Amino acid sequence: MNTKAAEELPAVSVIMPVLNEERHLRTAVRHILEQEYAGGLEVVIALGPSTDRTDEIAAELVAEDPRVRTVPNPTGRTPAGLNAAIRGSSHPIVVRVDGHGLLTPGYITTAVRLLSEMEAANVGGIMHAEGETEWEHAVAAAMTSKIGVGNAAFHTGGLAGPAETVYLGVFRREVLEKQGGYNEEFIRAQDWELNYRIRQDGGLIWFTPQLKVTYRPRPSVRALAKQYKDYGRWRRVVTRYHRGSVNLRYLAPPAALLGVLAGLVLGAVVHPAFLVLPGGYLLGILGGSVVEGRSLSAKARVQLPLVLATMHLSWGFGFLTSPRSLARRVINSTAPAPMTQAAETN
Numbered sequence: 001m002n003t004k005a006a007e008e009l010p011a012v013s014v015i016m017p018v019l020n021e022e023r024h025l026r027t028a029v030r031h032i033l034e035q036e037y038a039g040g041l042e043v044v045i046a047l048g049p050s051t052d053r054t055d056e057i058a059a060e061l062v063a064e065d066p067r068v069r070t071v072p073n074p075t076g077r078t079p080a081g082l083n084a085a086i087r088g089s090s091h092p093i094v095v096r097v098d099g100h101g102l103l104t105p106g107y108i109t110t111a112v113r114l115l116s117e118m119e120a121a122n123v124g125g126i127m128h129a130e131g132e133t134e135w136e137h138a139v140a141a142a143m144t145s146k147i148g149v150g151n152a153a154f155h156t157g158g159l160a161g162p163a164e165t166v167y168l169g170v171f172r173r174e175v176l177e178k179q180g181g182y183n184e185e186f187i188r189a190q191d192w193e194l195n196y197r198i199r200q201d202g203g204l205i206w207f208t209p210q211l212k213v214t215y216r217p218r219p220s221v222r223a224l225a226k227q228y229k230d231y232g233r234w235r236r237v238v239t240r241y242h243r244g245s246v247n248l249r250y251l252a253p254p255a256a257l258l259g260v261l262a263g264l265v266l267g268a269v270v271h272p273a274f275l276v277l278p279g280g281y282l283l284g285i286l287g288g289s290v291v292e293g294r295s296l297s298a299k300a301r302v303q304l305p306l307v308l309a310t311m312h313l314s315w316g317f318g319f320l321t322s323p324r325s326l327a328r329r330v331i332n333s334t335a336p337a338p339m340t341q342a343a344e345t346n
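Taken in order, the sequence shown gives residues 1 to 346; the numbers are from UniProt numbering.
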């Protein structure tokens, strides 16, 4: 790209909230700095109160490259870290990346081009899950399949077009400032909630399979169960906070959980015929595992049914047990804070 064209490209701020990310942080930042983007680039890492070597690694990255700096995020909560990083950044395009997300080549260049071409408020693409262990390979297969996560395009792919939400996102700064950034009450589902407000305000959320971010799945069944329980818990908050935002895909996991539990109880107390409900669910995930696990190793294939059941039932449990008091707290909270500049630590 010639110098004149490079000068016309908007500068980009990449924001990254991190907490206990020593395993992936250096690689994630390297994938950002190695982007072949001819415009200006900065990386702002919001540091939560990590108990591993995350802060030490971040300090090394700051010392190694002047484009990298950090800001504090004392609460460790993702939306607070995102807002702190936004306030600590300065460029007109804001790219969200997580500490365990790896940008694929050309990601920023493509996203900036599409923001302009589509006159979009936010563009994003696919959460491309890739594992490093056999368990993570199984989780990645589930997270990129319709039986695992439904028909969400940012998980399973699809045609480019307007969307409810996208993975992470690349925003125009003025859109974030107008919306007041992320609602810090949403510990999870903050992306969906922000994109809902943008859409309600007339902004376009654009999905394209051209954009991919490599995602590292949770490394254990316990961590996966907590992740999906939190997803379900906070999705219920979103449906109570923004009336009319629920859809059938969100109701499938709680329906599956209720069906399994009802079948087990009624099968034991009333008649064994009711066991067809949990039996049907079990056959469904076993059959789905055969189809989705064809490219996996034997060990990963064996673990795939457990992965699917953990994702579905944990999400359903979180949705069904999400307390109304949590939604009331969010509803009664103040509006998102203005996007004023924050003090930097580096």
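A virtual CB, placed ideally from N, CA and C, is assigned to each residue, including glycine.
Just so we're clear, the structure is a prediction, and the values are computed from it rather than from any experiment.
Quickly, what does DSSP pair residue i with across the bridge? List them, please.
{"i": "Thr-214", "result": "Leu-102 and His-128"}
{"i": "Gly-48", "result": "Note: Gly-48 sits in no beta bridge, so no partner."}
{"i": "Arg-172", "result": "Ile-93"}
{"i": "Tyr-167", "result": "Gly-125"}
{"i": "Gly-161", "result": "Phe-207"}
{"i": "Ser-13", "result": "Glu-42 and Val-94"}
{"i": "Arg-69", "result": "Val-44"}
{"i": "Val-18", "result": "Leu-47"}
Buried or exposed for residue i, going by 16 or more other Cβ atoms inside 10 Å?
{"i": "Ala-111", "result": "buried"}
{"i": "Ser-145", "result": "buried"}
{"i": "His-31", "result": "buried"}
{"i": "Asn-83", "result": "buried"}
{"i": "Arg-294", "result": "exposed"}
{"i": "Leu-159", "result": "exposed"}
{"i": "Asp-52", "result": "exposed"}
{"i": "His-128", "result": "buried"}
{"i": "Ser-297", "result": "exposed"}
{"i": "Gly-287", "result": "exposed"}
{"i": "Arg-243", "result": "exposed"}
{"i": "Lys-4", "result": "Any reading at Lys-4 must be qualified, since the residue scores a pLDDT of 47, below 50, and its modelled position is unreliable; the value itself is stated next. Label assigned to Lys-4: exposed."}
{"i": "Val-269", "result": "exposed"}
{"i": "Lys-299", "result": "exposed"}
{"i": "Leu-258", "result": "exposed"}
{"i": "Asn-73", "result": "buried"}
{"i": "Ile-331", "result": "exposed"}
{"i": "Pro-79", "result": "buried"}
{"i": "Pro-162", "result": "exposed"}
{"i": "Val-95", "result": "buried"}
{"i": "Glu-34", "result": "exposed"}
{"i": "Ser-289", "result": "buried"}
{"i": "Ala-262", "result": "exposed"}
{"i": "Glu-132", "result": "exposed"}
DSSP three-state label for residue i, please.
{"i": "Arg-197", "result": "helix"}
{"i": "Leu-41", "result": "strand"}
{"i": "Arg-235", "result": "helix"}
{"i": "Phe-207", "result": "strand"}
{"i": "Ala-343", "result": "The pLDDT assigned to Ala-343 is 42, lower than 50, so where the model puts this residue is not dependable, and the model offers no usable value."}
{"i": "Tyr-182", "result": "coil"}
{"i": "Pro-79", "result": "helix"}
{"i": "His-137", "result": "helix"}
{"i": "Ile-187", "result": "coil"}
{"i": "Gly-148", "result": "helix"}
{"i": "Met-1", "result": "A caution first: Met-1 carries a pLDDT of 47, below 50, which makes its placement in the model too unreliable to give a value."}
{"i": "Glu-119", "result": "coil"}
{"i": "Arg-294", "result": "coil"}
{"i": "Gln-227", "result": "helix"}
{"i": "His-31", "result": "helix"}
{"i": "Glu-36", "result": "coil"}
{"i": "Arg-240", "result": "helix"}
{"i": "Arg-26", "result": "helix"}
How about residue i: is its C-beta nearer than 8 Å to some C-beta of chain C?
{"i": "Glu-36", "result": "Included in the structure is just one protein chain, with no chain C present."}
**Asked** For the 8 Å Cβ check, are there 3 or more pairs between the stretch 36-52 and the stretch 65-79?
**Response** The stretch 36-52 is in contact with the stretch 65-79.
**Asked** How do the stretch 217-231 and the stretch 271-281 stand: do at least 3 beta-carbon pairs fall below 8 Å, yes or no?
**Response** As far as the Cβ criterion goes, the stretch 217-231 does not touch the stretch 271-281, which means the pair count is below three.
**Request:** Mind the definition here: the stretch 52-62 touches the stretch 20-33 only if three or more C-beta pairs lie below 8 Å; say whether that holds.
**Result:** Contact between the stretch 52-62 and the stretch 20-33 is present, because at least three Cβ pairs lie under 8 Å.
**Request:** Mind the definition here: the stretch 225-240 touches the stretch 117-129 only if three or more C-beta pairs lie below 8 Å; say whether that holds.
**Result:** The stretch 225-240, when compared against the stretch 117-129, does not touch it at the 8 Å Cβ threshold.
**Item:** Contact between the stretch 169-183 and the stretch 132-141 (3+ Cβ pairs under 8 Å)
**Value:** At 8 Å Cβ cutoff, the stretches do not touch.
**Message:** So, does the stretch 9-23 touch the stretch 75-94, judging by three or more C-beta pairs under 8 Å?
**Reply:** Judged by Cβ distances under 8 Å, the stretch 9-23 makes contact with the stretch 75-94, as three or more pairs qualify.
**Message:** List, from N- to C-terminal side, the alpha helix (DSSP H) runs of 4 residues or more that fit wholly inside the stretch 244-291.
**Reply:** Complete alpha helix (DSSP H) runs here, min 4: 248-269.
**Item:** the stretch 311-320 touching the stretch 249-257, judged by at least three CB pairs closer than 8 Å
**Value:** Flag = yes, the stretch 311-320 and the stretch 249-257 touch.
**Asked** At a cut of 8 Å, does the stretch 157-174 reach the stretch 190-202 through at least three beta carbon pairs?
**Response** Verdict: yes, contact present.
**Request:** Let me know the alpha helix (DSSP H) ranges lying completely inside the stretch 296-334, each 4 residues or longer, listed in chain order.
**Result:** As far as the stretch 296-334 is concerned, its whole alpha helix (DSSP H) runs of at least 4 residues are 298-321 and 324-331.
**Prompt:** Looking at C-beta atoms only, is the number of pairs between the stretch 91-103 and the stretch 201-208 that lie closer than 8 Å three or more?
**Reply:** No: the two stretches stay apart, fewer than three of their Cβ pairs being nearer than 8 Å.
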